[in-house]
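**Student:** Structure below; questions to follow.
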Amino acid sequence: MVSQFISNHPVRLLNQIKFDFPEGTHAIGRLDNHSEGLLLLTTNTKVTKLLFEGKQKHKRTYKVLVLHKVSEETVERIKTGVTFKARGGEMYTTKPCEVEIIDEPDFIFPSPYTKSIYQEYTWLQITLTE
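Once you know that position 71 of the sequence shown is 261 in the numbering used here, the rest is easy, because the numbers rise by one and skip nothing.
Dropping the structure here:
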């Protein structure tokens, strides 16, 4: 499910939840089709504008499960920004961020994604400032 009420793509949407959302309800932030997390919904456009159009920067922290072992060297590279080729061939550099390797969180709900005992995984905590 994606965090939208309307989409041109054939995906599950918020309006398919059996709930009578108040008029003007919209998501603060987003969850993509294959991601998990807390999604905040509001009818308060002032809050949305403050977070997405405001001059005040704010931090967002994510706990991320990464396939393969992530080295401290890679963590340091991520902290300063990573350059890669985006769709269309343009080069893109990520903004600097806070990142650290963490133990598996103990509050994670069961996931539909199966981890293999034959693969290494790394949990990261990443904080972006937007």
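We treat Cβ as the ideally placed atom computed from N, Cα and C, and that holds for glycine.
So what's Lys-249 in DSSP terms, helix, strand or just coil?
**Tutor:** The answer is strand: DSSP assigns Lys-249 an E or B state.
**Student:** Helix, strand or coil for Lys-239, going by three-state DSSP, please let me know.
**Tutor:** It is helical.
**Student:** May I have the straight-line CA-CA distance separating Asp-210 from Leu-228, to the nearest angstrom?
**Tutor:** Distance between the alpha carbons of Asp-210 and Leu-228 is about 19 Å.
**Student:** Considering Lys-275, what are the terminal residues of the beta strand (DSSP E) in which it resides?
**Tutor:** Counting along the chain, the beta strand (DSSP E) containing Lys-275 begins and ends at 273 to 275.
**Student:** Any idea if Ser-197 is buried or exposed, counting beta-carbon neighbours within 10 angstroms, 16 or more meaning buried?
**Tutor:** The residue in question, Ser-197, is exposed, as its Cβ has fewer than 16 Cβ neighbours within 10 Å.
**Student:** Ordered along the chain, which non-local residues of its own chain (more than five positions away) have a Cβ less than 6 Å from that of Lys-249?
**Tutor:** Cβ neighbours of Lys-249 beyond the five flanking positions: Thr-317, Thr-319.
**Student:** Pull up the CB-CB distance for Pro-295 and Trp-313, whole angstroms please, since I reckon it's below 8 Å.
**Tutor:** 7 Å between Cβ atoms; contact.
**Student:** CB Ile-292 to CB Val-265, shorter than 8 Å?
**Tutor:** No, these two residues do not count as a Cβ contact at 8 Å.
**Student:** Closest to Lys-259 by CA distance: which of Lys-208, Thr-238, Thr-215, Tyr-308 is it?
**Tutor:** If we check each option's Cα against that of Lys-259, Tyr-308 comes out closest.
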